[in-house]
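Those sequence lines, one after another, are chains A and B. Everything in the first sequence is counted per the numbering used here, starting at 12 for the first residue and increasing by one. Everything in the second sequence is counted per the numbering used here, starting at 12 for the first residue and increasing by one. One structure is given here, and the rest of the page talks about it.
2 protein chains.
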Amino acid sequence: MKRISKDRKIYSFSPESPAAASVPQGQPFTVECHDCFTGTMSADDLYSADKWKTVNPATGPIEIEGARSGELLLVDILDISVPSEGLMITVPGMGALGHRFDHAETKLVDIAGDVARITEKVTAPVIPMVGVIGTSPSEGSIPCGTPGPHGANMDCKLITRGARVHLPVNVDGAMFACGDVHAVMADGESCVSGVEVASEITMKVVSVPRDGWPCPCVETEDSVWIMHSAKTLDECERGCLDAGARLLVEKGGLSENDAACALSAVGDLAICQVVDPLKTMRVRLPKRTLRELGIMLPGA
Amino acid sequence: MKRISKDRKIYSFSPESPAAASVPQGQPFTVECHDCFTGTMSADDLYSADKWKTVNPATGPIEIEGARSGELLLVDILDISVPSEGLMITVPGMGALGHRFDHAETKLVDIAGDVARITEKVTAPVIPMVGVIGTSPSEGSIPCGTPGPHGANMDCKLITRGARVHLPVNVDGAMFACGDVHAVMADGESCVSGVEVASEITMKVVSVPRDGWPCPCVETEDSVWIMHSAKTLDECERGCLDAGARLLVEKGGLSENDAACALSAVGDLAICQVVDPLKTMRVRLPKRTLRELGIMLPGA
């Protein structure tokens, strides 16, 4: 199986970045990923501003052979490896709890099988997820740490084994990249880090006609969630709901009033993260609802 | 079993309201509840501003015998009845989607067993929940439609059969009231209504020493969720996380840094509703985490 080395990394998504590798559609491949600190932090280091330039690397960009600008990329997460330890950091002023402590700490988190030890007494189930996953914007350069319409640092814990991620193809080849795996993370990522690990992600990717489909999305067994990133949660809420309503109206044939009722009944709003340069929320469209409305999933 | 008639209703929580009934602690009783329109709306009516004065009634206030100001009220939701139809409304300018349509509609929702028919084609599983549930503030008068530290219109879909709600006792007798049942509602309640139904709620209530416990909370099988209401989601986020961190530090003995890591790993942030005068969010504290830290649940 093709492997892409973590030595081939980017810190921004940009059409200027040369391809690190190229993969055919539909064939599984493995992407080695640094942790979010590019491996520069140990438990003895404290995070400081000078580390900012090596934060949130993504491995790639990977050219998806035959993907054409305007299409939709479907990324199936087949597996995510989890090492035996990870790091968490707390830094005053960072994250959504950084006003509560006066010194920085770096915590080595022991991971034994399905359990991560967060503090001496607090443990958590290991459910590895991909923090940064995205494609090149059509122009410009966007730091990997900033989420947006092209994906990137959405920190959505549903992007785990078995999930399918929908991303835009803004340039031929898509120029896909990913990284920033967390062995554990709660919706919010409130302290600014999950359990940050180096990892290998095995996936396969195809591109399909986009046909007005919203993105970025994450597709789980029972739902499609549309994600939206913005400066405030209130703006995220609006972006998610507008995208959900548009889909139900344009593809499901509902009136605007009926789409609003449907979302109010089945369209859960949820939090991805509240700590990145833009925050990210998601809204649920149950597959049951899409089926009822005759809305075909991309790639189905 | 004692029944409290829906004729005994309030539109504001206030210590000035005389008790509609009084119930002993620990004994199940049934509260009849109007729908959120006090039964004044039919499928032929359109919602208009003049209906505002009959929106969000709560049945009560119910004096909980022996509850003393400063204690914590634990409300166990034993059952919620669901009729065979409910109402949803869409009104331009109201809710989180009211900018998308130009006319009001009222929708009669047919409920057959476990399924509600939201639109001609869209159905949803029936999971009845209590929208308004609260206690009197220590002074002043707060419309039932406005959520706050005393509970009220939190519209949290986890407040369903089997849940336990933690509320403050701000005045002797607690002066508890509830209503506004939804047969179906997604996190967010984005169109401004769930499937609004008249209902009967069977519950039992005890009061216990509060001992610094946060509230309002909803306790489910595996978690305690602390709720916080505020003008914006970003303020809700802060309120939830601060309350969660305080609990882990004060009762669990964690350092502030460790509490932040624990929340980032297991403390999911979630949305209750985004359409009331204040919005409401919740943060999860898994019972596993509380057990690990030796934090006893109130009433345990």
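Cβ coordinates follow ideal geometry from the N, Cα and C atoms, glycine included. Since this is a predicted model, take the numbers as computed values, not measurements.
Can you pull the chain B neighbours of residue i, defined as C-beta to C-beta under 7 Å?
i, result
"D269(A)", "T130"
"A273(A)", "I129, T130 and V133"
"C228(A)", "Here the premise fails: no neighbours, minimum Cβ distance about 17 Å."
Taking 8 Å as the threshold (beta carbon to beta carbon), is residue i in contact with chain B?
i, result
"V176(A)", "no"
"G205(A)", "yes"
"A256(A)", "yes"
"M99(A)", "yes"
Does chain E have any CB closer than 8 Å to the CB of residue i?
i, result
"I282(A)", "Of the protein chains in this structure, namely A and B, none is chain E."
Using three-state DSSP, classify residue i as helix, strand or coil.
i, result
"L301(B)", "helix"
"N181(B)", "coil"
"E211(A)", "strand"
"S33(A)", "strand"
"D56(B)", "coil"
"R79(B)", "coil"
"K64(A)", "helix"
"D166(B)", "coil"
"V93(A)", "coil"
"S266(A)", "coil"
"R257(A)", "helix"
"S275(B)", "helix"
"R249(B)", "helix"
"L244(B)", "helix"
Could you list which residues in chain B have their beta carbon closer than 9 Å to that of residue i, in chain order?
i, result
"D198(A)", "G278, D279, L280, A281 and R295"
"A30(A)", "Those within 9 Å of A30(A) in chain B number zero; the least Cβ separation is about 34 Å."
Applying a beta-carbon distance threshold of less than 7 Å, which residues of chain A neighbour residue i?
i, result
"D245(B)", "T243, L244 and D245"
"V195(B)", "A276"
"E116(B)", "N268"
"T300(B)", "V133"
Using DSSP's beta-bridge definition, name the partner residues of residue i.
i, result
"R128(B)", "D121(B) and T134(B)"
"Q284(A)", "G199(A) and T291(A)"
"E43(B)", "E211(B)"
"L98(A)", "L119(A) and E207(A)"
"M238(A)", "R293(A)"
"F187(B)", "I73(B)"
"C228(B)", "H177(B) and I237(B)"
"V7(B)", "Since the displayed chain B opens at 12 and closes at 311, residue 7(B) lies outside it and no answer follows."
"E159(B)", "It is worth fixing the name first, because residue 159(B) is Gly in this sequence and not Glu. Partner(s): G162(B)."
"V141(B)", "V192(B)"
"P103(A)", "Answer by DSSP bridge pairing: none, since P103(A) is not bridged."
"T171(A)", "M140(A)"
"I306(B)", "In DSSP, I306(B) forms no bridge with anything."
"R14(B)", "T41(B)"
"P154(B)", "S23(B)"
Quick one, which of the options has its alpha-carbon nearest residue i's?
i, options, result
"T243(A)", "V217(A), T291(A), D279(A) and P158(A)", "T291(A)"
"L119(A)", "D269(B), R128(B) and G77(B)", "D269(B)"
"G106(A)", "P154(A), G156(A), G223(A) and V285(A)", "V285(A)"
"P369(A)", "E82(A), G77(A), D191(A) and R14(A)", "Residue numbering for chain A in the displayed model covers 12 to 311; residue 369(A) lies beyond these limits and cannot be assessed."
"P161(B)", "V235(B), P103(B) and S80(B)", "Looking at the sequence itself, residue 161(B) is His, so the reference to Pro does not match. Measuring from the Cα of H161(B), the nearest candidate turns out to be S80(B)."
"S23(A)", "S201(A), E116(A), E261(A) and S147(A)", "S147(A)"
"K262(B)", "P225(B), R249(B) and K62(B)", "P225(B)"
"A209(B)", "G184(B), H45(B) and K17(B)", "H45(B)"
"G250(A)", "S92(B), R111(B) and L98(B)", "R111(B)"
"R257(B)", "I237(B), P26(B), T70(B) and C247(B)", "I237(B)"
"T65(A)", "E230(A), K215(A), K20(A) and D183(A)", "K20(A)"
"D287(B)", "P158(B), V206(B) and P309(B)", "P158(B)"
"D113(B)", "A123(B), A197(B) and V102(B)", "V102(B)"
"K215(A)", "P309(A), R175(A) and D198(A)", "R175(A)"
"L265(A)", "P154(A), I306(A), E246(A) and T213(A)", "I306(A)"
"V93(B)", "I212(B), A30(B), T300(B) and A115(B)", "I212(B)"
Consider the Cβ of residue i: report whether some Cβ of chain A lies at a distance smaller than 8 Å.
i, result
"A60(B)", "no"
"A210(B)", "A small correction: the amino acid at residue 210(B) is Ser; Ala does not occupy that position in the sequence shown. Closer than 8 Å: no."
"V285(B)", "yes"
"E303(B)", "yes"
Kindly list, in the order they appear in chain B, the residues whose Cβ is closer than 8 Å to that of residue i.
i, result
"F112(A)", "S266, E267, N268 and A271"
"L252(A)", "A107, L108, G199 and S201"
"R249(A)", "A107"
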